[in-house]
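Numbering of the sequence shown is given in numbering that gives the first Met the number 0, commencing with residue 0 and proceeding in unit increments.
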Amino acid sequence: MEDVPRPPVVTIMGHVDHGKTSILDYIRNENIVAGESGGITQHIGAYQIEINKHKITFLDTPGHEAFTAMRARGANVTDIAIIVVAATEGVKPQTREAIDHARAAGVSLIFALNKVDLPEANVDKTISEILELGVYLEQYGGDVPWCKTSTVSGEGILNLIELILITAEMMELKAKVDVPGEAIVVESRLDTRMGSVATILMRQGTLKRGDIVVCGAVNGRIRRMENERGSEIKELGPSDVAIIYGLNAVPKAGDVLNQVDNEKTARAISTERQQIRLEREKYQNKSSLQNIFARIKEDKINNLNVILKTDTDGSAEAIADSFQKLNNEEVSVNIIHKSVGGISEADVSLASASDAIIIGFHVRAAQTAKKLAEDEGVQIKIYQVIYDAIDDVRAALEGMLAPTIEEQSIGSATVKQVFKIKKIGTIAGCQVDRGVIQRDCLIRLYRNDVMIKEDKLSSLKHYANDVKEVRAGTDCGISLVSFSDIKEGDVIEAYIEQEVAKKLT
Numbered sequence: 000m001e002d003v004p005r006p007p008v009v010t011i012m013g014h015v016d017h018g019k020t021s022i023l024d025y026i027r028n029e030n031i032v033a034g035e036s037g038g039i040t041q042h043i044g045a046y047q048i049e050i051n052k053h054k055i056t057f058l059d060t061p062g063h064e065a066f067t068a069m070r071a072r073g074a075n076v077t078d079i080a081i082i083v084v085a086a087t088e089g090v091k092p093q094t095r096e097a098i099d100h101a102r103a104a105g106v107s108l109i110f111a112l113n114k115v116d117l118p119e120a121n122v123d124k125t126i127s128e129i130l131e132l133g134v135y136l137e138q139y140g141g142d143v144p145w146c147k148t149s150t151v152s153g154e155g156i157l158n159l160i161e162l163i164l165i166t167a168e169m170m171e172l173k174a175k176v177d178v179p180g181e182a183i184v185v186e187s188r189l190d191t192r193m194g195s196v197a198t199i200l201m202r203q204g205t206l207k208r209g210d211i212v213v214c215g216a217v218n219g220r221i222r223r224m225e226n227e228r229g230s231e232i233k234e235l236g237p238s239d240v241a242i243i244y245g246l247n248a249v250p251k252a253g254d255v256l257n258q259v260d261n262e263k264t265a266r267a268i269s270t271e272r273q274q275i276r277l278e279r280e281k282y283q284n285k286s287s288l289q290n291i292f293a294r295i296k297e298d299k300i301n302n303l304n305v306i307l308k309t310d311t312d313g314s315a316e317a318i319a320d321s322f323q324k325l326n327n328e329e330v331s332v333n334i335i336h337k338s339v340g341g342i343s344e345a346d347v348s349l350a351s352a353s354d355a356i357i358i359g360f361h362v363r364a365a366q367t368a369k370k371l372a373e374d375e376g377v378q379i380k381i382y383q384v385i386y387d388a389i390d391d392v393r394a395a396l397e398g399m400l401a402p403t404i405e406e407q408s409i410g411s412a413t414v415k416q417v418f419k420i421k422k423i424g425t426i427a428g429c430q431v432d433r434g435v436i437q438r439d440c441l442i443r444l445y446r447n448d449v450m451i452k453e454d455k456l457s458s459l460k461h462y463a464n465d466v467k468e469v470r471a472g473t474d475c476g477i478s479l480v481s482f483s484d485i486k487e488g489d490v491i492e493a494y495i496e497q498e499v500a501k502k503l504t
């Protein structure tokens, strides 16, 4: 059951009207709009091309919001993100967002500088703007591949495909074939004639017509599989895409589709998942400054992901710098996106996908963004004073620091007499010299001022009664959990351990 090489999955992102769709059209040698009547039965969010026996799968997402919505549901399906930047306009807000979203997903980047055939194109200026974002391109001190493209002259398109294939080769993408089929739903809809229709991207294994599948909380038998032109496909392998028919309801984008042995299993799994989904929606728990400490303890995470929205670029830089100064070896603020302007739905989607909080300075959240934030459980914090924001983030980071354990000595007792009692063991008759001995304290046993044993109390008695504590000047009976060789004259030192919250220096 060895892994075999699989085609790369590529998503094209960038600012509106920078030429994403034109590049895809050129690669397919088919204009989507003009080709509608020529056999393309519907728009499909994913399709595959083959060049020199090498396949590449393209996901045609309507902008980075869809890309993030997939990630928000836990579906990191993309291997490579192509960021299209028009050389005529340079880096725009959506370009920045696309880069931030792709980086947050941890995918490989390739830059396509498009529209280089136009007289107003300024490649050098565009490159310097990309470098300013901290993206270091090849030939400019970095390792991020890039090329110039034009969908009018066709310049650079083959170069772009070559870069995709080289990047994919270096990534050594592999998947298992001899396992039950597993796929991700890219998009889905309800067709009045055909019923539930889903576009899927295969992750591993193979799928054939007639296979029984579970997809999220729905199930069914595959009645038909088609490519984007409506032609039937007999079999799907890793990284292949297709439209499938036969599910009993419409799945959600990002749902995982699994092949199962029989319909009974399929129904049982989908019913259980439906139940889990309902329970999860009740107790959705995203990041907030308050609950982050509890999550740190569970997940051992030590990053506070932040999306920063401010009124001016200067404020964004100042606040970001202040946050970075709070970082140390244990904890850090990770600013995954910062920009000027109000808080939008796209910001909330990114926060949901990246488990981040949104910090706004002198801005407000749109009503739709507030509603989405409530639904997704994303925290939005708005500040009017920079120091308030810094203090709150500092407090959150201090909550993330592992507390230091401090010892506090609470008392000591001297062993006056030792009793050995059948079925009970050794009891040390002691006199408390200083402080207090407590039932749940830790002890150290000293003989001639040399430590013999660290232990816990198994019992603490005053005469025949079990007690919680014994104070100075009082006699008591003590037995230890794992040590019985106690002698007269031994000294028992009692102490407790306290967690002390660390502060950022």
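Note that CB positions come from ideal geometry on N, CA and C, so glycine has one too.
Just so you know, these numbers come straight off a predicted model, no measurement behind them.
**OP:** Indicate whether A412 and I436 have their beta-carbon atoms separated by less than 8 Å.
**Re:** yes
**OP:** Might you give, ordered along the chain, the residues of its own chain that have their beta carbon closer than 8 Å to the beta carbon of V499, omitting 5 neighbours on each side?
**Re:** P402, T403, I404, E405
Original post:
Is it right to say E492 is buried, meaning 16 or more other beta carbons lie within 10 angstroms of its own, or is it exposed?
Top reply: With 16 or more other Cβ atoms within 10 Å, it is buried.
Subject >> Supposed contact pair L325 and V249 - C-beta distance, whole angstroms, cut 8 Å >> reply: 45 Å between Cβ atoms; not a contact.
**OP:** Between the Cα of K369 and those of L108, S351, Y386, V384, spot the shortest distance and give me the residue it belongs to.
**Re:** Comparing Cα-Cα distances from K369 to each of L108, S351, Y386, V384, the minimum goes to S351.
Original post:
Would V9 be called buried (16 or more neighbouring beta carbons within 10 Å of its own) or exposed?
Top reply: buried
Subject >> For L144, the three-state DSSP class (helix, strand or coil) >> reply: Note that residue 144 is Pro in the sequence shown here, rather than Leu. It is coil, neither helix nor strand.
**OP:** Give the C-beta separation of L235 and T205 to the nearest angstrom, bearing in mind that I take them to be a contact with Cβ-Cβ under 8 Å.
**Re:** 6 Å
Original post:
Residues in its own chain within less than 8 Å of G73 by CB, not counting five upstream and five downstream?
Top reply: For G73, the predicted structure reports a pLDDT of 46, less than 50, and the residue's modelled location is therefore unreliable. The matter cannot be settled from this model.
Original post:
Going straight from the alpha carbon of G488 to that of L444, what length do you get?
Top reply: 11 Å
Subject >> Inter-residue Cα distance where the pair is K467 and D439 >> reply: When rounded, the distance between both Cα atoms is 8 Å.
Subject >> Extent of the continuous beta strand (DSSP E) run through V469 >> reply: 468-470
Original post:
In three-state terms, what does DSSP make of E186?
Top reply: strand
**OP:** Consult DSSP for E373 and reduce its assignment to one of helix, strand or coil.
**Re:** Three-state DSSP puts E373 in a helix.
Subject >> Chain-order list of residues whose beta-carbon lies under 7 Å from that of R276 (same chain, five-residue window excluded) >> reply: A216
**OP:** Compare the C-beta of Q273 with all C-beta atoms of chain C and state if any pair is closer than 8 Å.
**Re:** No chain C appears in the structure shown, which is made up of a single protein chain.
**OP:** Put V490 into one of helix, strand or coil per three-state DSSP.
**Re:** strand
Original post:
What are the partner residues of T413, as DSSP defines its beta bridges?
Top reply: Q430, V490
Subject >> First through last residue of the alpha helix (DSSP H) which encompasses M169 >> reply: Element bounds for M169: 156-170.
**OP:** Measure the C-alpha to C-alpha separation of H100 and S269 and round it to an integer number of angstroms.
**Re:** For H100 and S269, the distance between alpha carbons rounds to 31 Å.
**OP:** Identify, in the order they occur along the chain, each residue of the same chain with its Cβ nearer than 7 Å to the Cβ of L172, setting aside the five sequence neighbours on each side.
**Re:** P4, R5, P7, D78
**OP:** Closer than 6 Å by C-beta to T40: which residues in its own chain qualify, once you throw out the five before and the five after it? Chain order, please.
**Re:** Because T40 sits at a pLDDT of 31, beneath the cut-off of 50, its placement in the model cannot be relied upon, and the following sentence gives the value as read from the coordinates. Here the set comprises G229.
Subject >> Straight-line gap, T425 to T473 (C-alpha atoms, nearest Å) >> reply: 20 Å
Subject >> Cβ-based burial, F360 [other Cβ within 10 Å; buried from 16] >> reply: buried
Original post:
Roughly how many angstroms separate the alpha carbons of M169 and R222, rounded to a whole number?
Top reply: Taking the straight line from one Cα to the other gives about 37 Å.
Subject >> Outcome for V305 when other beta-carbon atoms lying within 10 angstroms are tallied against a minimum of 16 >> reply: buried
Subject >> Backbone CA spacing between E328 and I26 [nearest angstrom] >> reply: 47 Å
**OP:** Indicate whether V259 and L200 have their beta-carbon atoms separated by less than 8 Å.
**Re:** no
Original post:
Helix or strand or just coil, what does DSSP make of T191?
Top reply: Note: T191 maps to coil in three-state DSSP.
Original post:
When we look at the beta-carbon of S478 and count the other beta-carbons within 10 Å, is it buried (16 or more) or exposed?
Top reply: buried
Original post:
First and last residue of the alpha helix (DSSP H) that includes I242?
Top reply: That residue, I242, is in no alpha helix (DSSP H); its beta strand (DSSP E) goes 240-246.
Original post:
Under the rule that 16 or more other beta-carbon atoms within 10 Å means buried, what is Q203, buried or exposed?
Top reply: buried
Original post:
What are the residues that DSSP puts in a beta bridge with T403?
Top reply: V499
Subject >> Cα-Cα separation, A86 to Q47 >> reply: 27 Å
Original post:
For R220 versus G194, is the C-beta distance shorter than 8 Å?
Top reply: Not a contact, by the Cβ cut-off of 8 Å.
Subject >> Beta-carbon proximity list for I409, same chain, < 7 Å, skipping 5 on both sides >> reply: G434, V435, Q437, C440, A493, Y494, I495
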